[in-house]
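Contents: one structure, followed by commentary.
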Amino acid sequence: MLKLPFDLKRARILVTNDDGIHAPGLKVLERIAKALSSDVWVIAPESEHSGASHSLTLRRPLQINKINPRKFAVSGTPSDCTLIAVNHIITGRRPDIVLSGVNRGANLGEDVLYSGTVAAAMEGAMLGIPAIAFSQVRVKDKLHWETAAAFAPQVIRKLVSLPWPKGVLMSVNFPGVAPKDVTGIEVGRQGRRMSHVEVVHARDPFEREVTWIGDFPTDEPEHPETDLGIILTRAVSVTPLHFDLTHAAMLRRMDGLFEKVSVKKKPAAKRSAKKQTAKTDGLPR
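Mapping to my numbering: the sequence shown position 18 is 357, numbers consecutive.
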């Protein structure tokens, strides 16, 4: 595996997504990757997994469908795909970089917590591989895939020219405009949508009560230095992310908080003469 910075012509690239193996955004990213390197592997979910976040499939076996020697569809989540690609499908040398997307729609603000596109990239970062998640902003159901195709190559080249700290991944969002209307490429922090999700109750054609979770835009002003604010200026947004969710400032405030808390100790239980061994399947609960 190459270390950053590296020459993309020598790189082994893993391409994945959350919209599925037949998604148009995956085809866009596959073409981009193959223009950068001759060693490209495509491993993606067999069906759409939008909003899957970082879920793993632990309670059923996964099927892997070989489409061609370097393209596979997996009956699992985006995170499953990255994990299986690195540890099973791609033998010998590990991928040098993971490219995830291009997602059908934005992944801005707290979207990144729900996004399977970002999670597939994050799984790569957790495995020690540089990773970039790409998303194309959708405006009134219009998707300018040509904008992602025009700007992704230079974004990738610029990013791999730098050394990255361990555990970092990049989230890139392309504005919902034609390439000629893009105002630039800017780096910004993750923003926050205060109330962008709405729950709607309705009835289906059989008069059964149903509930929809929808994504609704807000008119609240966005800070210009966030991914949300950058996209509003019609620029490409690039945000470095990491998977340590610890709130450092609050951690410092809590220092010593529980030092004076007394804990009543229970009397020790009598042990059986026969030694017992706890069994575990090693799976998270």
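A virtual CB, placed ideally from N, CA and C, is assigned to each residue, including glycine.
DSSP places V577 in the strand class (E or B) of the three-state scheme. Residue pairing by DSSP places T550 opposite H540 in a beta bridge.
Burial is judged here by how many other beta carbons sit within 10 angstroms of a residue's own beta carbon; T430 has fewer than 16 and is exposed. For M465, the enclosing alpha helix (DSSP H) stretches over residues 455-465. Straight across, the Cα-Cα distance linking D358 with A383 is about 8 Å. Beta bridge pairing from DSSP links Q475 with R443, F513. Look at E598 here: in three-state DSSP terms it is coil, with no helix or strand label.
Per DSSP, reduced to three states, the secondary structure at D378 is strand. By the C-beta density criterion, L365 is buried, having at least 16 other C-beta atoms within 10 angstroms. Two segments are said to touch when three or more pairs of C-beta atoms, one from each, lie closer than 8 Å; by this definition the stretch 510-517 touches the stretch 565-574. In terms of Cβ geometry, N356 and G440 form a close pair [threshold 8 Å].
In this structure, F473 sits near L368, with a CB-CB distance shorter than 8 Å.
In the three-state scheme derived from DSSP, where H, G and I count as helix and E and B as strand, R399 is classed as coil. DSSP links A383 through a beta bridge to A412. Of G530, K348, L343, W484, the smallest CA-CA separation from L580 is found for G530. The beta carbon of L353 is closer than 6 Å to those of W380, A424, P434, V437 in its chain, skipping five residues each way along the sequence.
Closest in alpha carbon position to K373, among L501, I552, L347, is L347. Look at A607 here: in three-state DSSP terms it is coil, with no helix or strand label. In the three-state reduction of the DSSP assignment, L438 falls in the strand class.
About 13 Å separates the beta carbon of A470 from that of H393, a gap too long to meet the 8 Å contact definition. Ranking K599, L498, A587 by CA distance to the CA of I524 puts L498 first. The three-state reading of DSSP puts K505 in coil, since its state is none of H, G, I, E or B.
Per DSSP, I429 lies in no alpha helix (DSSP H) segment and is marked neither H nor E. As DSSP reads the structure, N404 sits in a beta bridge with A412.
Non-local beta-carbon contacts of F411 in its own chain, meaning distances under 7 Å to residues more than five positions away in sequence, involve I382, I403, N404, K405, I428 in chain order.
The three-state secondary structure of E525, taken from DSSP, is strand.
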